[in-house]
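Residue numbers (our numbering): 416 to 476. Worksheet: the structure to be examined is printed underneath.
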Ligand code: FES
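Below, the structure is given as structure tokens:
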């Protein structure tokens, strides 16, 4: 599923970037080789990052 239409970033790319250490949208864009444009996707990215970090923390317990 596309999360960012401007840059064609998918939810999987966001999760991969979060796994690699990105913790906010401003870090996701460069991890995907692009830059923020309209910013509409930022809230969805934040939700995906938070969900992914919770799963990683739960798996570590
Ligand atoms: S939808 Fe992501 S920058 Fe526009």
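Ideal Cβ positions, reconstructed from N, Cα and C, are used throughout, including at glycine.
Compute every distance between the C-beta of residue i and the non-hydrogen atoms of ligand 1, then say whether any falls below 8 Å.
i, result
"residue 420", "yes"
"residue 475", "no"
"residue 425", "no"
Rank the options by C-alpha distance to the C-alpha of residue i and give the top, closest one.
i, options, result
"residue 418", "466, 458, 476, 472", "458"
"residue 464", "430, 422, 421, 424", "430"
"residue 423", "437, 475, 439, 443", "443"
"residue 416", "475, 474, 460", "460"
Would you kindly check if the distance between the Cβ of residue j and the Cβ of residue i is under 9 Å?
i, j, result
"residue 433", "residue 468", "yes"
"residue 453", "residue 428", "no"
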